[in-house]
Amino acid sequence: MPSVKGLLEERERAARQRVELLREEAERVLAALREAEAFWERKVVALEEVDDALAVGPESVAGGGVEVEDVLSAPPVVAGSVVPQWREGLSVSALTPDYQRIIGVLAGREADGADGDRSMICREIAAGLGLELVPAKVEGVRSKAKKMVARGWLIEVRAGRFTLADGLRGDGS
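When we follow the UniProt record's numbering, the leftmost residue of the sequence shown carries the number 1, and every step to the right adds one.
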């Protein structure tokens with residue numbers, strides 16, 4: 001007849017093996033999740049770039065290269081995905097919340113009154129937004145910042161360093 005201690009040790013060993021198998025499975029699932037999230041983030045950035053490329057702005061119409069029929073037949077742009085060209089009197093509220101938050105982080109850096117360089121790299125902006133500092137998130141911020149530079153909201157003072165455009169300093173409008 002087997003001893004009670006022997007039976008308990010056998011059950012403990014089986015439970016430990018099950019825990020080890022479940023941990024390995026959890027690690028595989030988490031790795032697959034990280035990979036899927038990175039893939040998804042790349043698709044988000046790609047969609048933003050396509051939206052940007054397909055957007056028909058007033059500057060292209062003013063250039064005379066676009067016919068009215070072309071504008072009317074163009075596919076509709078997803079609401080909130082286009083960053084408007086900055087102009088005097090245009091408020092930050094014209095931007096979608098994600099872009100407003102980027103402006104807010106950079107404005108906070110300006111408001112700190114720190115002497116010297118007030119520009120920020122995308123990793124610092126992502127940290128200020130409370131995002132996880134993984135390449136996919138930082139690249140999403142970089143894509144948005146580059147789009148805002150192209151539209152006059154931000155200035156890229158040096159490669160990869162962004163600050164508010166002159167018209168946005170001080171009053172935040």
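Beta carbons are placed, not taken as given, at the ideal position from N, Cα and C, and that holds for glycine.
From the DSSP output, read off the bridge partner residues of residue i.
i    : result
E156 : F162
I102 : Answer is none; I102 lacks a bridge partner.
I125 : According to DSSP, which records beta bridges pairwise, I125 is partnered with nothing at all.
M148 : M148 is not bridged to any residue.
Could you check how far apart the C-beta atoms of residue i and residue j are, in whole angstroms? I think they sit under 8 Å.
i    : j    : result
K137 : A145 : About 13 Å separates the two Cβ atoms, so there is no contact after all.
G167 : C122 : No, G167 and C122 are not in contact; Cβ-Cβ is about 22 Å, not under 8 Å.
R109 : R101 : Wrong, their Cβ atoms sit about 13 Å apart, outside the cutoff.
R151 : W86  : 6 Å
G140 : E41  : 6 Å
L164 : A107 : 6 Å
V157 : L129 : At roughly 20 Å, the Cβ-Cβ gap does not stay under 8 Å, so V157 and L129 are not in contact.
How far does the alpha helix (DSSP H) with residue i in it extend, from its first residue to its last?
i   : result
Q85 : Segment: none, Q85 is in no alpha helix (DSSP H) and carries neither H nor E.
R23 : 4-54
Check residue i in the structure and name its three-state DSSP category.
i    : result
G167 : helix
Touching or not, the stretch 44-58 and the stretch 80-97, by the rule of three or more beta carbon pairs under 8 Å? yes
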